[in-house]
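Novice: Read in order, the letters of the sequence shown are residues 13 to 243 in the numbering used here. Cβ coordinates follow ideal geometry from the N, Cα and C atoms, glycine included. Computed from a predicted structure; not experimentally measured. Dropping the structure in here first, questions after.
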Amino acid sequence: MKKIALLPAGLLMLGTAIGAAHATPSAGRAVNRDFAKLSADGSRAFDDIALARTALANNDTAGARKLLSDANNALTRAKKDDKLFMKAEAELTAPRKAPAGAHPPAANATQPVAWLPIDGEYIVTEDLEPTSSKSTAVATANASLNKGKPAQAAQNLQVAAVDVDFVLAIAPLDASASDVYRASNLLAGNDVKSADNALQDAQNTIRFVSEDMVGTPAGTPATAPKKKATH
13 MKKIALLPAG LLMLGTAIGA AHATPSAGRA VNRDFAKLSA DGSRAFDDIA LARTALANND
73 TAGARKLLSD ANNALTRAKK DDKLFMKAEA ELTAPRKAPA GAHPPAANAT QPVAWLPIDG
133 EYIVTEDLEP TSSKSTAVAT ANASLNKGKP AQAAQNLQVA AVDVDFVLAI APLDASASDV
193 YRASNLLAGN DVKSADNALQ DAQNTIRFVS EDMVGTPAGT PATAPKKKAT H
C-alpha cells in the first residue's frame with residue numbers, strides 16, 4: 013500500500029489517526045481491519061504527487077506530467093470509492109497522540125466534504141528503552157511491514173505485548189483533486205515552480221483524525237455490513 017511504519021510516540025510521521033489497535037490475540041484481524049480502510053486510488057494519487065514533486069526537482073518534467081496524469085485519473089476513480097466519508101473539517105476528531113509535522117490542525121470549517129483515507133501507520137504509545145525486548149519487537153515488526161507482511165508484524169507486537177495506535181492520513185477529495193488538476197495545467201504551460209506549489213498545496217490538505225471518523229463510507233447507511241478485509 014503506502015509507507016507503513018511503527019514509530020515511538022512523538023516521532024514524525026505522515027498520516028492521520030485512527031484509534032487504538034492494541035497487540036492482543038486479535039491483532040492480526042485488527043491490522044487487516046485498519047488497512048482495509050485505506051483508499052487504493054487515493055493512496056496511489058498521493059504517491060504520484062510526491063513522485064511528481066521529486067521529478068520536478070530533478071528537472072524531469074516529462075516524468076512529472078505522466079505522474080500527474082495518473083494522479084488525476086486515480087482521483088477521478090476515487091470519487092466512487094466506498095472508503096470516502098463525509099465530515100466537516102471542524103468535526104474531525106484528533107488522535108490520542110497526534111504526530112508532529114507540517115500539517116495544520118483542523119480548521120473551523122462547518123461544511124461537510126468528502127475525505128479520502130490515503131495512508132496509515134502505527135505509532136507506539138509506550139516509551140521504550142532502546143535495548144528492551146519490546147524495542148526489538150518493534151524493529152522486527154517494522155521489517156515485516158516493509159516486506160508487506162502486516163499480519164506477521166501484528167504477531168511480533170502481540171508476543172511482546174506492545175501497544176500501538178493506528179494513525180491514518182485523510183485528504184479532502186475535491187480540494188486535492190483541484191490542486192492536482194491546477195498543477196497539471198501549470199506544468200502544461202511550463203510553469204514548473206507554480207506547478208510544484210500547487211502539488212504542495214495538495215499535500216498540505218492532509219489531516220490527522222481518529223478511527224471513528226472513517227467508520228461509515230459516504231452514502232452508506234451506518235447499519236450496512238462492512239466489506240471483508242482484502243489485505
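1. Measuring only the C-alpha atoms, how far is Ala172 from Leu198?
2. Under 7 Å, do Lys146 and Val174 count as touching if we go by C-beta distance?
3. From Glu103 to Ala62, what does the alpha carbon distance come to, in whole angstroms?
4. Assuming Trp127 and Ala90 are in contact, meaning their beta carbons sit under 8 Å apart, how far apart are those beta carbons, in whole angstroms?
5. Please go through the same chain and pick out, in chain order, the residues whose beta-carbon is closer than 8 Å to the beta-carbon of Ser81, but skip the five residues on each side of it.
6. First and last residue of the alpha helix (DSSP H) that includes Lys99?
7. Is Leu26 helix, strand or coil when you go by DSSP?
8. Opposite Phe220 in the DSSP bridges: which residues?
9. Pick helix, strand or coil for Leu198, following the three-state DSSP scheme.
10. With C-beta atoms as the reference, is Val51 less than 7 Å away from Asp93?
11. Determine, using beta carbons only, whether Ala181 and Asp131 come nearer to each other than 7 Å.
12. For chain B, is any of its Cβ atoms less than 7 Å away from the one on Asp93?
13. Based on Cα-Cα distance, which residue from Asn216, Val176, Ser156 and Leu87 lies nearest to Asp139?
14. Note down, in chain order, each residue of its chain lying with its Cβ closer than 6 Å to the Cβ of Ala86, except the 5 sequence neighbours on either side.
15. So who's on the other strand from Ala126, going by DSSP bridges?
16. At the level of alpha carbons, what is the spacing between Leu68 and Gly201?
17. Lys146 by DSSP, collapsed to three states: which one?
18. Between the Cα of Asp60 and those of Ala83, Ala153 and Arg77, spot the shortest distance and give me the residue it belongs to.
19. In the DSSP assignment, find the unbroken alpha helix (DSSP H) run with Thr73 in it and report its ends.
20. Considering Ser55, what are the terminal residues of the alpha helix (DSSP H) in which it resides?
21. Exposed or buried, which one is Gln167 when buried takes at least 16 other CB atoms within 10 Å?
Specialist: To lay it out plainly:
1. 51 Å
2. yes
3. Their Cα atoms are separated by approximately 28 Å.
4. In this structure, Trp127 and Ala90 do not form a Cβ contact; the two beta carbons are roughly 11 Å apart against a cut-off of 8 Å.
5. Short of 8 Å from the beta carbon of Ser81, and not among the five residues preceding or following it, lie these beta carbons of its own chain, in chain order: Ser196.
6. Here Lys99 belongs to no alpha helix (DSSP H); instead the beta strand (DSSP E) covers Phe97 to Ala100.
7. Confidence at Leu26 is low in this model, with a pLDDT of 30, below 50, so its placement is unreliable and the value that follows should be read with caution. Coil, per DSSP.
8. Ala181
9. helix
10. The amino acid at residue 51 is misidentified as Val; the sequence shows Ser. For Ser51 and Asp93, yes; Cβs fall inside 7 Å.
11. yes
12. In the structure shown, chain B cannot be found, because there is only a single protein chain.
13. Val176
14. Asp53, Arg56 and Ala57
15. Residue pairing by DSSP places Ala126 opposite Met98 in a beta bridge.
16. Those two C-alpha atoms are separated by around 14 Å.
17. helix
18. Ala83
19. Thr73 to Ala90
20. Ala52 to Ala69
21. buried
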